[in-house]
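Presented below is the structure to which this report refers.
2 protein chains.
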Amino acid sequence: MSEQNSSIRRLIQLNICQPSDISEAKAEAERLAAPEFVAKLRQAERLFGAVGDANRMKILLLLSKKEKCVCELESALGMPQPTVSHHLGVLEQANLVKRSKRGRWAFYALTDSPVLDLLRRLT
Amino acid sequence: MSEQNSSIRRLIQLNICQPSDISEAKAEAERLAAPEFVAKLRQAERLFGAVGDANRMKILLLLSKKEKCVCELESALGMPQPTVSHHLGVLEQANLVKRSKRGRWAFYALTDSPVLDLLRRLT
DNA sequence: ATCATAGATTGATATACATCGATATGTAGA
DNA sequence: TCTACATATCGATGTATATCAATCTATGAT
């Protein structure tokens, strides 16, 4: 609340920013560091981290038209099954896809996350 | 176009999916692998990768009210200056913030990216 | 019950990335 | 020009994550 470094004292002296700016930022930072908020950030990290990979984006876009099983994705993307499975796991943890097992097959379908709308806008 | 693995042949035989599904997925996958699209994916990776970090999200949220210089962020977040500078660099590369140098200070302000709207929705 | 098979998990390896001390760069004031 | 200083960059280190061969699990078919 009080320990300001010299740079900031100078910022205030030179009227580049107001003391209120500094204390407001400190207060906001405290809010961002609260355990409750940290949990939200972790979830957002998982979400953004999950889409932030080209191969997973490809998977999401492939699932846009219709749900698919692992072997379909494996074949379409030309990547080994464990790799596909791994990425699907990450996407599932982030709640971007949901799995439904039917017989031997595991079908993955998109959930309706706002992140997916954004992904489509961006690509 | 033709080399289907046995799993897929069985999927079709059992009428779990149509051959057209497979060829459509292949076509879509080819589109996703095109150099032009790969560039888009790389840019999206940079963007999602940039927001997909708790510290950088904190920075973005702190900048929401008003642009700030490095030392303000350093003080508010209690992290060393090179770390803050590094994160701001990542955010700048992703076009999420823009830098304006004023005297000795470097002020960073948010751009108006749709990702930021999403971040606010999620937190 | 046994076998074949779709997919998950494991484990090893490589690569990417966060962190942050040390140092370089550029700017302002004297 | 010299000094102080805000920020950027470098470099070393630790940690996380992608990839994929090998293996395990679970399910359906015979």
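So the protein lines, in turn, are chains W and H. Counting from 1291, one number per residue, gives the positions in the first sequence under this note's numbering. Counting from 1291, one number per residue, gives the positions in the second sequence under this note's numbering. Cβ atoms here follow ideal geometry from the backbone N, Cα and C, with glycine treated the same way. It should be emphasised that the depicted structure is a prediction, and the values quoted were computed from it without experimental measurement.
Three-state secondary structure (DSSP) at SER1392/H?
-> Working through the second sequence from its first residue, we reach residue 1392/H at position 102. A small fix is needed here, since residue 1392/H is Arg in this sequence, not Ser. Three-state DSSP puts ARG1392/H in a strand.
Among ARG1336/H, VAL1405/H and SER1297/H, which residue has its Cα nearest to the Cα of SER1354/H?
-> The sequence position of residue 1354/H within the second sequence is 64, counting from 1. Selected option, being the one with the closest Cα: VAL1405/H.
Reduced DSSP category for ALA1324/W - H, G, I as helix; E, B as strand; rest coil = Position 34 of the first sequence holds residue 1324/W. DSSP places ALA1324/W in coil when its eight states are reduced to three.
Local conformation of LEU1304/W per DSSP, three classes | Reading the first sequence from its first residue, position 14 is the one you call residue 1304/W. It is coil, neither helix nor strand.
Which first and last residues belong to the alpha helix (DSSP H) in which LYS1355/H is found?
-> As a working note, residue 1355/H is residue 65 in the second sequence. Counting along the chain, the alpha helix (DSSP H) containing LYS1355/H begins and ends at 1344 to 1355.
Could you tell me whether any Cβ in chain H is nearer than 8 Å to the Cβ of GLY1342/W?
-> Start at 1 with the first residue of the first sequence, and residue 1342/W comes out as number 52. Cβ-Cβ to chain H under 8 Å: yes for GLY1342/W.
Got a sec, what are the start and stop residues for the alpha helix (DSSP H) PRO1372/H sits in?
-> Residue mapping note: residue 1372/H aligns to position 82 of the second sequence, counting from 1. PRO1372/H -> alpha helix (DSSP H) spans 1371 to 1383.
With a cut-off of 8 Å on the beta carbons, I'd call ALA1340/W and LEU1381/W a contact; round off their distance for me.
-> Counting from one through the first sequence, the residue named residue 1340/W turns up at place 50. Counting from one through the first sequence, the residue named residue 1381/W turns up at place 91. Rounded to whole angstroms, the Cβ separation of ALA1340/W and LEU1381/W is 5 Å, and the two are in contact under 8 Å.
Which class does LEU1400/H belong to by DSSP, given the choice of helix, strand or coil?
-> Residue numbering aside, residue 1400/H sits at position 110 when the second sequence is read from its first letter. Strand, per DSSP.
Should the stretch 1308 to 1327 of chain H be regarded as contacting the stretch 1350 to 1368 of chain H, the criterion being three or more beta carbon pairs within less than 8 Å?
-> no
Which residues does DSSP pair with CYS1359/W in a beta bridge?
-> The sequence position of residue 1359/W within the first sequence is 69, counting from 1. BP columns for CYS1359/W point to PHE1397/W.
Does the beta carbon of LEU1378/H come closer than 8 Å to any beta carbon on chain W?
-> Residue numbering aside, residue 1378/H sits at position 88 when the second sequence is read from its first letter. It does not; no Cβ of chain W falls within 8 Å.
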